[in-house]
Amino acid sequence: MLKVHSRCDLSCDHCYIYQHADQTWRGRPTRMPPATVQAAARRIAEHAREHELPVVHVVLHGGEPLLLGAAGLREVLAELRTAITPWARLDLRMQTNGVLLDDELCRLFVEYDVRVGVSFDGDRAANDRHRVFAHGGSSHDLVRRALALLRRPEHRASYAGILCTIDVRNDPDRVYEALLAESPPRVDLLLPHATWDHPPQRPGPEPTPYADWLGRLHRRWVDDGRPMSIRMFEALRPGGGGTEAFGLAPADVLVIEADGSWEQVDSLKTAYHGAAGTGFDVFDHSVDEVARHPGVAVRQDGVEGLCVTCRACPVVDRCGGGLYAHRWRTGSGFDNPSVYCADLLRLIDTVDAYPPPTPPASGEGSTTSPVDGLLDDLATGHGSASTLALLADTQLSITRALLAACRDGSGTTAAWELLVHLDQVAPEAVRAILAHPFVRPGLVHRLDSSAPPGLGAAADPLPAIAVAAALRAGVPAALHVPVRADRITLPTLGSLVLPGLGESAEVTVRPGEFQVRGGPVAQTVLLDPLAPPSTGWFPTRDVSVPGGRLLLEDGDPYRDCYGQPVESRLDGPAARALGRTLAAAWRVVHRDVPAHAAALDGGLRAVVPLAPDPARPLRSATARHAFGAVAVTPHADPETMAVLLVHEWQHAKLGAVLDLYDLVEPGQGLRIRVPWRPDPRPPEGVLQGVYAHLAVTQVWQSRAAATDHPDASAHAAHFLAWTRDGVDALLASRSLTATGERFAGQLRHALEETRVGSR
Amino acid sequence: MDHAPTRPSRPDLDDLTRSLHVPLERIAVEHADLIEAVRSRVVTNDSVPSGIVAVAAFNSSI
Ligand code: SF4
Ligand code: SF4
Chain A
0 MLKVHSRCDL SCDHCYIYQH ADQTWRGRPT RMPPATVQAA ARRIAEHARE
50 HELPVVHVVL HGGEPLLLGA AGLREVLAEL RTAITPWARL DLRMQTNGVL
100 LDDELCRLFV EYDVRVGVSF DGDRAANDRH RVFAHGGSSH DLVRRALALL
150 RRPEHRASYA GILCTIDVRN DPDRVYEALL AESPPRVDLL LPHATWDHPP
200 QRPGPEPTPY ADWLGRLHRR WVDDGRPMSI RMFEALRPGG GGTEAFGLAP
250 ADVLVIEADG SWEQVDSLKT AYHGAAGTGF DVFDHSVDEV ARHPGVAVRQ
300 DGVEGLCVTC RACPVVDRCG GGLYAHRWRT GSGFDNPSVY CADLLRLIDT
350 VDAYPPPTPP ASGEGSTTSP VDGLLDDLAT GHGSASTLAL LADTQLSITR
400 ALLAACRDGS GTTAAWELLV HLDQVAPEAV RAILAHPFVR PGLVHRLDSS
450 APPGLGAAAD PLPAIAVAAA LRAGVPAALH VPVRADRITL PTLGSLVLPG
500 LGESAEVTVR PGEFQVRGGP VAQTVLLDPL APPSTGWFPT RDVSVPGGRL
550 LLEDGDPYRD CYGQPVESRL DGPAARALGR TLAAAWRVVH RDVPAHAAAL
600 DGGLRAVVPL APDPARPLRS ATARHAFGAV AVTPHADPET MAVLLVHEWQ
650 HAKLGAVLDL YDLVEPGQGL RIRVPWRPDP RPPEGVLQGV YAHLAVTQVW
700 QSRAAATDHP DASAHAAHFL AWTRDGVDAL LASRSLTATG ERFAGQLRHA
750 LEETRVGSR
Chain B
0 MDHAPTRPSR PDLDDLTRSL HVPLERIAVE HADLIEAVRS RVVTNDSVPS
50 GIVAVAAFNS SI
């Protein structure tokens, strides 16, 4: 966080910079001098380079950063982009009171890709309770004007959201309506700063007025169908911990003051004079030196950095002890629960209780949120068709977000415009291509800035995606598509290999066929499977399975994401043999474990053959970025293949869950002994192992009961023991989040039922 | 200025579900935070500490 200007044009009475204990601002330069900006940018770049950080977040703050003016801000932004962008992706943000925002500034922020958050406390009465000029005049109209500017389509990309400090004397309904009227992408609600030395105002007799006030707002928001994102409520949901004020995410914010001194987060200023100081500055000290400062270090410690009360608190994984500054008390320092503890506890209850749970169709009543619902269902060991559909939808949304991020990086291209057009006229075709498991690996590769700039830059995957979608939709189009090693791959459809195509080829799509021209080469490819094969065209083969069509993916270059060599294109007989084995294996899964088969039907779309390795003939793998696919060594026995499919599909499902939730406590570096490997494993690996082995146990138990397989009972017992020991070791390790513990606990339960059910 | 900066958290289930119904063209504008969250969680995995399997063939890492 960069304090580029240390004064403010407003004079809010709740401002912790000017009104609270710390008065260090008095000794600071008004604006951050250019040499300090430069030194700060270099320190950040140095840190990004040394630690190979993929991304750095920089927030311009103040005082009021807009007081620098457009020219001053442009210098700061240019300095930051020039110094940092070669080393890491720079996410630039600004927090402002909005009073001075105008068209020119908005254009500047769009140009430099700065996302602007505006402080605004709600309706006029609420806002003007605190947010006024020194002469007492209202800022309400000026701030609303700023918000209207940011809402304009040409500026909207720079509109980050609203920061609203609450006051329980305001009317929560009116505040809610005023916020909603500004259609902010996101709202941050903040509790007023307070400490045990200076407790928050509690004007009435109620013990938890802040929880009551926020609970009212929460109810309105839920009733309205959650029309905007409110971070506080999202963060407080189970598994939702994600802001500094709640939850245990390590506080990774450092502040650079206008004079170049390094400080800890700002809100500490509310505690005591100089509370945030470290004694270090950007001229003489690196980020690493500051990070070793004891006050900063303790904040990286998660649960261990909290007081005894919080550590024992049942909702600590969601509350995280509240905002650090709110814990201050002279004498015990920060070793206390939040001064808002009672409110926080009650608010979490309120958020959990509303909307009231709909009575479950059967069984005993329980309060499950959608999060719990999804996880509970998967903790049965398999997961229903609707859960699988939800998981597949989230994966598709992630791929769409990645696509939009690629567009952010490359600007509008013909491929993007074609995709946007197809998304309107043939959304199903676009969906089918984006759901292909190897589209996401291509997008991630393209976006991954950890690859050194210029070196091995990934080809733009959008043109091939757009062409495949156009072909699928039967919509005529023409695009230039990058050629890699004489090859163009159209996801789901196949690869064209034509020597001499050059670096890029023009592809023209017509219904049922496409034409490619590059260098001296031209070729028309007919997609009709009954037409004579086109030279150089290798269509992706598929096989009919109970879940639909399963692709044998041996052509897409992005299938190489399994950390082990993939097989190159199979010849006709080998492909047919693998197809037969897979179809038969799928039927075996239906025979053995119908519940798992339903989950397989709901999501497995492609199988990648792995290269044979005589030392390890039976291998299979799943990749986090390729939901909907598994990789296997081609193996002729359907019974064996069925076990591999069930095992890998477990990993795929859990991988998709881990895109959404933290089940493992971050940053512990812990290793756990497991029965299935000689070396101790990280908790996430153990969780994956347990989840897969639970399913395999169920397969063998079913075989033991229904077939005369001689070793089925022994296998079942063996996998059952592995799973039980693994899950017990995991639970004993205390390395899971509360959400993770709940999940593992339910797996343990599913296991007991499995055991009871075994014969 | 006020308080802590706004930072994206993990991709949120509701956001993800809602964004599926937003035309491709408008996602960047209406779901800028989601894109940021997906970037940090999926592309760079900067929330994932060492010792956790980020992109992996799970079989070799369970
Ligand atoms: S609710 Fe209170 S005791 Fe529990 S974590 Fe939050 S501040 Fe600590
Ligand atoms: S606008 Fe922000 S920095 Fe300025 S006085 Fe108000 S709270 Fe303080």
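Chains A and B, in that order, are what the protein sequence lines are.
So the first sequence is numbered by numbering that gives the first Met the number 0: it starts at 0 and just counts up by one.
So the second sequence is numbered by numbering that gives the first Met the number 0: it starts at 0 and just counts up by one.
Ideal placement from N, C-alpha and C gives every residue a C-beta, glycine not left out.
In the assembly as shown, A/P528 is an exposed residue. Its beta-carbon has fewer than 16 other beta-carbons within 10 Å. DSSP places A/G571 within a helical segment (H, G or I) once states are collapsed to three.
Taking a Cβ-Cβ threshold of 9 Å, the residues of chain B close to A/Q423 are P22, L23 and E24, in chain order.
In the structure shown, A/V474 adopts coil according to DSSP, grouped into three states.
A distance criterion of 8 Å places the beta-carbon of A/L305 in contact range of ligand 1, judged by its closest non-hydrogen atom. Between ligand 2 and A/L190, a heavy atom-to-CB distance of less than 8 Å is absent. Not a single heavy atom of ligand 1 lies less than 8 Å from the C-beta of A/T632.
In this structure, the C-beta of A/S337 approaches ligand 1 to less than 8 Å from one of its heavy atoms. The beta strand (DSSP E) runs lying completely inside the segment 574 to 655 of chain A and spanning 3 residues or more are 605 to 608 and 628 to 631, given in chain order. Between the alpha carbons of A/L253 and A/G332 lies a distance of about 20 Å. The beta carbon of A/L189 sits closer than 6 Å to those of T164, all from its chain and outside the five residues before and after it, given in chain order. Scanning chain B for C-beta atoms nearer than 7 Å to the C-beta of A/R558 yields nothing, as the closest lies near 12 Å away. Burial is judged here by how many other beta carbons sit within 10 angstroms of a residue's own beta carbon; A/H624 has at least 16 and is buried.
Remark: the shortest separation between the CB of A/G319 and any heavy atom of ligand 1 falls under 8 Å. Within 8 Å of the C-beta of B/R40 there is not a single heavy atom belonging to ligand 2. Note that the segment 578 to 598 of chain A touches the segment 635 to 648 of chain A; at least 3 beta-carbon pairs, one per stretch, sit closer than 8 Å. The CB of A/E740 never comes closer than 9 Å to any CB in chain B; the least such distance is about 17 Å. Taking 9 Å as the cut-off, the beta carbon of A/P226 is found no closer than this to the beta carbon of A/L162. Bounds of the alpha helix (DSSP H) holding A/Y690 are P682 to A705. Counting along the chain, A/P208 sits inside the alpha helix (DSSP H) bounded by residues P208 to D222. Sorting A/L344, A/T393, A/M0 and A/A705 by C-alpha distance to the C-alpha of B/V37 places A/T393 at the top. In this structure, A/V506 and A/V466 form a Cβ contact; the two beta carbons are roughly 5 Å apart against a cut-off of 8 Å.
Burial check for A/T329: the Cβ neighbour count within 10 Å stays below 16, so the residue is exposed. A/E288 and A/G160 have their C-alpha atoms some 33 Å from each other. Bounds of the beta strand (DSSP E) holding A/Q514 are E512 to G517.
Residues of the segment 428 to 448 of chain A with a Cβ closer than 7 Å to any Cβ of chain B, in chain order: V443, L446 and D447.
Close to A/I464, with beta-carbon spacing below 7 Å, lies no residue of chain B; the smallest spacing is near 11 Å. With a cut-off of 8 Å on Cβ pairs, the segment 429 to 444 of chain A is in contact with the segment 386 to 400 of chain A, counting three or more such pairs. Note: A/A521 is bridge-paired with A/R516 in the DSSP secondary-structure output. Residue-level contact check: A/I83 does not touch chain B, since none of the beta carbons of chain B fall below 9 Å from its beta carbon.
Separation of A/E110 and A/L91 (C-alpha to C-alpha, rounded to the nearest whole angstrom) is 12 Å. Closest by C-alpha distance to A/G68, out of A/E49, A/R30, A/V429 and A/T621, is A/R30. Within the same chain, Cβ atoms closer than 8 Å to the Cβ of A/P202 are found at V167, R168 and P208, the five residues on either side in sequence being excluded.
For A/H714, not one C-beta of chain B is nearer than 9 Å to its own C-beta.
A straight-line Cα-Cα distance of about 47 Å links A/E233 and A/A484. With contacts defined by Cβ atoms closer than 9 Å, A/V695 and A/H646 form a contacting pair.
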